[in-house]
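Q: In my numbering, the protein residues as written are 524 to 632.
We put the CB at the ideal spot given by N, CA and C, even for glycine.
In this text, all values refer to a predicted model and were calculated from it rather than measured experimentally.
1. Assign residue 546 to one of two classes, buried (16 or more other C-beta atoms within 10 Å of its C-beta) or exposed (fewer than that).
2. Tell me the DSSP bridge mates of residue 535?
3. For residue 569, is the classification buried or exposed, using 16 other Cβ atoms within 10 angstroms of its Cβ as the cut-off for buried?
4. Are the Cβ atoms of residue 584 and residue 558 separated by less than 8 Å?
5. Nearest by alpha-carbon distance to residue 603: which of 588, 552, 619 is it?
6. Would you give the residue range spanned by the alpha helix (DSSP H) that residue 605 belongs to?
This is how it looks when you write it as structure tokens:
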């Protein structure tokens, strides 16, 4: 995945927490397609937290067949939008998150 991410100008992804974390750290413009098959629709809520900050684009799974390709093509040719998404998603990155979680866990014990 490191090579794929390194050459990508735009990433189309589900909206799980790990995927979003990677996209933030890598400063990648993204179209998020939340899985409708998760508990309490949490991927939709994850995606919306980025969309509200103009840090990602949301295409709902039920609309993906009709909208995803056109949205991706439109975005990939819009350098201003790509730059804006990349800049905004980068502000949400949390570096060393695994280490931070481990430290808090140890402190709790």
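A: On the basis of the supplied data:
1. For the purposes of this step, residue 546 is identified with residue 23 of the chain shown, where counting begins at 1. Counting Cβ neighbours within 10 Å, residue 546 comes out buried, since at least 16 surround it.
2. Residue 535 sits at position 12 when you count from the first residue of the chain shown. Answer is 554, bridged to residue 535.
3. The sequence position of residue 569 within the chain shown is 46, counting from 1. Flag for residue 569 reads buried.
4. The residue you call residue 584 lines up with position 61 of the chain shown. The residue you call residue 558 lines up with position 35 of the chain shown. The answer is yes: Cβ separation under 8 Å.
5. Start at 1 with the first residue of the chain shown, and residue 603 comes out as number 80. For the residues 588, 552, 619, the minimum Cα distance to residue 603 belongs to 552.
6. Here residue 605 is taken as the residue at index 82 of the chain shown, counted from 1. Start and end: 602–613.
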